[in-house]
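Numbering (the working numbering), first residue to last: 4 to 720.
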C-alpha cells in the first residue's frame with residue numbers, strides 16, 4: 004500500500020534463501036522501473052545507491068550461488084545504469100538464515116572475513132525491520148538445520164510487537180499438537196516460513212511472499228502452523244499450482260497435471276499480508292491452477308496478477324484451519340460422528356523392519372534357513388552382509404545383533420504371520436534386534452486371537468478405500484498413501500501376564516481358552532475390549548443393551564465399506580481419520596453389523612461363501628508368473644503366455660483396497676516365482692472375496708442412508 008511500491012524509501016526487502024538472487028533481482032528491477040515512471044531518469048543513479056544498495060538484503064548459505072549472486076547483481080545494476088564503486092556492496096550475506104550465532108574470526112583470501120560477514124548478517128536478522136520477505140526457500144524433509152534458536156522458534160513461540168503471545172507450530176488451540184511423529188514440521192521450508200513470520204511480526208507490518216511445497220495447506224500435521232499464520236496476518240492469498248506427482252495429481256477433468264518445476268512435490272505461491280495496528284480476523288483467499296506447465300501454468304502466470312485472479316474466500320476453522328477449499332456441506336453432521344482413534348483408544352502405525360527382504364518371506368522354511376545362517380558362527384560378518392544385503396547403521400551393528408540373536412534359544416518363536424499387503428499373509432522374524440520399529444505396545448495384542456482394523460489418517464489421491472481387517476500384525480505399507488502409513492486398531496487388549504507358563508510368547512491362544520467379561524467397568528483377567536468407555540456407554544444407553552465388541556467392530560467395518568459414505572465424506576477422509584455415524588436404531592445397527600461380519604469373514608478368507616470360487620486357474624505349462632495381461636473380453640488374467648485365471652470381471656480386476664489394485668498387486672509381488680497349489684487356491688479366494696464384497700457393498704448402500712437419519716452425537720477430543 005506504499006505509493007511508490009518497491010521504490011518507497013521506507014520499504015526494506017529480504018530474500019532469506021537467495022540462491023543466485025533471481026527473486027531479488029526482479030524486485031530491484033521493479034523498484035527502479037517504479038521510480039523512473041514517477042520521477043524520471045534523472046535521479047535513478049542516486050536512487051539505486053541510496054535505496055537498492057541500502058534497503059535490499061539477501062542471505063545465502065552456499066559459497067557458489069553467493070558468488071554468482073554478487074556478480075549477477077553487479078551486471079544487473081550496470082544494465083540499469085549504475086556501476087558499483089569501490090566502497091559499494093550489495094547486501095547479500097554468506098550466512099545460515101536459521102542460525103543466530105555469529106562466526107568467530109576467520110579470514111578468506113581476497114574476501115572480507117567470514118566473521119564480519121556473519122556479524123553484518125546477524126544485525127539484519129536481529130535488528131533490521133523488514134517489510135517485504137520473498138523467495139523460494141529449500142524443501143528438505145530431513146532438515147540439517149537443527150539449531151536451538153529455530154527449534155525454539157518453532158516449538159515455543161514468541162511475543163509479537165503488539166504483545167500477543169504466539170504459541171508456535173506445535174500447539175493448536177492453546178493445547179499440544181499431539182502428533183506422534185511431527186517430522187514434517189522440521190522441513191526446511193517450514194523453518195524459513197517461521198523465520199519470515201517472526202521478522203514481520205517484529206516489524207508489526209509487512210508482506211511475505213514465498214513459493215513453497217504445498218503440503219502445509221491441508222496436512223493435519225501443519226494445523227498448528229496454519230493457525231499461527233492466521234493469527235499473525237490480516238490477509239492470506241494462496242495460489243495452489245499443484246503438480247504433485249507423489250500424490251498422482253490430475254486435473255479435475257482427468258487430464259495431465261504438471262509441476263512448474265522439475266520436482267515431484269506440488270507447490271503453491273502464498274502471500275501473507277500484515278497491516279499495522281489491525282487485529283481483525285484474517286481474510287483468506289484461495290485459487291488454483293491445473294494443467295500442463297508451458298501451455299497452461301506459465302502462460303497463466305505471465306498474464307495474471309493478484310487483481311485478475313479469481314479468488315475464492317475461505318473460512319478456516321478449528322481443528323484443522325485448512326488453507327484449501329473443501330466441500331463442507333456435510334461438515335456439521337460429520338463433526339458429530341466418532342473418530343476411529345476415539346473408538347479404539349490404543350492404536351499404532353504398522354511395523355517398519357528396514358530390512359524386509361531379509362526378515363519377511365512367504366515361505367516360512369526359507370525364512371528359517373536365512374536366520375539359521377545369520378546365527379551361524381562359521382559365517383563371517385562380511386559374508387552375511389553381502390549375502391543378505393545388510394548394512395551397519397548408527398543404531399544397528401550387524402556384529403552386535405548377530406551375537407544377540409545367537410544367544411536367543413527360542414528364536415524360532417519370533418517367527419510369526421504378518422499382513423504384508425491386502426490378502427498377502429507372509430512370515431516375519433519379529434525379533435526386537437532385527438525390526439527397526441516393532442510397535443510392540445500395540446502389535447503384542449495381535450499375537451493373541453484378535454481382530455484388527457487397518458486404516459489410514461489421510462488419503463492423498465483417489466477415493467477412500469483404505470479399510471481392511473487382520474488377525475495378525477501388519478507392515479506399515481499394507482495400505483498405499485504418500486500422506487502416511489497404515490494404522491492398526493486392535494479390538495482386544497491382553498494383559499501382560501500372557502504366556503509365561505508356555506515359554507512361547509508368539510503362540511496364539513484361542514478365544515475359547517481366554518476369560519473375557521464385557522462390562523465397561525469390569526475387571527479383566529486376560530483381555531478387555533479396546534473400545535472407549537464413551538462409545539460403549541452411549542450405545543448401551545441408546546440401545547438399552549450392550550452390543551458385543553465384535554458387533555461394534557463389524558458395524559464400523561460395514562460403514563467404512565459403504566460407497567455412499569466414502570463419496571459423501573470424501574473431502575474429510577482426505578485429511579484425517581474416518582469418523583463413524585452410529586445409528587440410534589438398534590435393529591438397524593444389528594443389520595449393518597451383520598453385513599460387516601460377512602465382509603470381515605470374506606477379507607480374512609474364512610467365509611463359507613468362498614467354498615465355491617468364481618475364478619479358476621486354466622491352461623498348460625509352467626505356472627511361473629512372468630508378464631501379467633488382463634483380457635476384459637475373456638475375463639481372464641494371464642500370468643504368462645499359456646496360464647491364466649478365468650472368471651475375473653473388469654470390476655474385480657480394477658478393485659482397490661488400501662490404494663492397491665488387489666488382483667494385480669498380489670500377482671506382481673510374485674513375479675518370477677512359480678505359483679504352487681496353495682497360491683492358486685488363495686488367489687481364487689481373493690477374486691471370489693472381492694466379487695462378494697462388491698455385492699455386499701450394494702446392499703449396505705441400500706440401508707446406509709437410513710442409518711444416517713438419526714445418529715448418536717459424540718464429542719471428539
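Here a beta-carbon is modelled for each residue, glycine too, at the ideal position from N, C-alpha and C.
Discussion item. Counting C-beta neighbours from all protein chains within 10 Å, is the total for residue 162 16 or more, i.e. buried, or is it exposed?
Written reply: exposed
Discussion item. Let's test the definition: count the other Cβ atoms within 10 Å of the Cβ of residue 49 and tell me whether it reaches 16, buried, or not, exposed.
Written reply: exposed
Discussion item. So, with DSSP's three-state summary, where would you put residue 628?
Written reply: coil
Discussion item. Using 8 angstroms for Cβ pairs, my map puts residue 227 next to residue 174. What's the rounded Cβ distance?
Written reply: 5 angstroms
Practice prompt. Check the C-beta distance from residue 271 over to residue 243 and give it rounded, since I have them as a contact under 8 angstroms.
Written response: 5 angstroms
Discussion item. Are the CB atoms of residue 469 and residue 458 within a distance shorter than 7 angstroms?
Written reply: yes
Worksheet item: Which full runs of the alpha helix (DSSP H) of 4+ residues lie inside the segment 295-348, going along the chain?
Response: 302-306, 334-337 and 343-346
Worksheet item: Opposite residue 582 in the DSSP bridges: which residues?
Response: 342
Worksheet item: If we ignore side chains and look at the alpha-carbon of each, how far apart do residue 238 and residue 658 end up?
Response: 44 angstroms
Item to complete: Using a threshold of 7 angstroms, state whether the C-beta atoms of residue 599 and residue 557 are closer than that.
Response: yes
Worksheet item: Less than 7 angstroms separating the beta-carbons of residue 449 and residue 493?
Response: yes
Worksheet item: In angstroms, rounded to a whole number, what distance separates the CA positions of residue 503 and residue 473?
Response: Note that residue 503 has pLDDT 42, beneath the 50 cutoff, so the model's placement of it is unreliable and the number below is only indicative. Their Cα atoms are separated by approximately 25 angstroms.
Worksheet item: Would DSSP call residue 422 helix, strand or coil?
Response: strand
Worksheet item: Residues in its own chain within less than 7 angstroms of residue 432 by CB, not counting five upstream and five downstream?
Response: 362, 370, 374, 417 and 418
Worksheet item: From which residue to which residue does the alpha helix (DSSP H) around residue 705 run?
Response: 680-712
Worksheet item: Helix or strand or just coil, what does DSSP make of residue 481?
Response: coil
Worksheet entry | residue 406, DSSP secondary structure in three states | helix
Practice prompt. Would you mind sorting residue 256 into buried or exposed? The rule is 16 or more other CB atoms within 10 Å of its CB.
Written response: exposed
Item to complete: Check each candidate in 413, 455, 463 and 477 and name the one with the smallest Cα separation from residue 441.
Response: 477
Practice prompt. Provide the residue(s) that pair with residue 96 in DSSP beta bridges, ordered along the chain.
Written response: 62
Worksheet item: Which residue's Cα is closest to the Cα of residue 685: 179, 610, 652 and 631?
Response: 610
Fill in: Between the CA atoms of residue 423 and residue 519 - distance to the nearest angstrom
Confidence at residue 519 is low in this model, with a pLDDT of 39, below 50, so its placement is unreliable and the value that follows should be read with caution. Distance between the alpha carbons of residue 519 and residue 423: 29 angstroms.
Discussion item. Going by beta-carbon coordinates alone, are residue 207 and residue 279 separated by less than 7 angstroms?
Written reply: yes
Fill in: DSSP-derived helix/strand/coil call for residue 291
strand
Practice prompt. State yes or no: is the C-beta of residue 327 within less than 7 angstroms of the C-beta of residue 220?
Written response: yes
Practice prompt. Give a yes or no on whether the C-beta atoms belonging to residue 230 and residue 340 are separated by under 7 angstroms.
Written response: no
Worksheet entry | Nearest-angstrom Cβ-Cβ length linking residue 563 and residue 552, presumed shorter than 8 angstroms | Rounded, the Cβ-Cβ distance is 17 angstroms, inconsistent with contact.
Worksheet item: Helix, strand or coil: how does DSSP classify residue 492 here?
Response: strand
Practice prompt. With DSSP as the reference, please indicate the residues paired to residue 213 in a beta bridge.
Written response: 138 and 273
Worksheet item: Are the Cβ atoms of residue 425 and residue 661 separated by less than 7 angstroms?
Response: yes
Worksheet item: In or out: residue 397 buried (at least 16 other Cβ within 10 Å) or exposed?
Response: exposed
Worksheet item: Leaving out the 5 sequence neighbours to the left and right, which residues in its chain are closer than 8 angstroms to residue 296 when beta-carbon positions are compared?
Response: 246, 261, 262 and 263
Worksheet item: How many Å lie between residue 597 and residue 554 at the Cα?
Response: 8 angstroms
Worksheet item: In or out: residue 583 buried (at least 16 other Cβ within 10 Å) or exposed?
Response: buried
Worksheet entry | Start-end ranges of the alpha helix (DSSP H) lying completely within the segment 213-265, minimum 4 residues | 226-235
Worksheet entry | Start-to-end residues for the beta strand (DSSP E) that takes in residue 430 | 427-432
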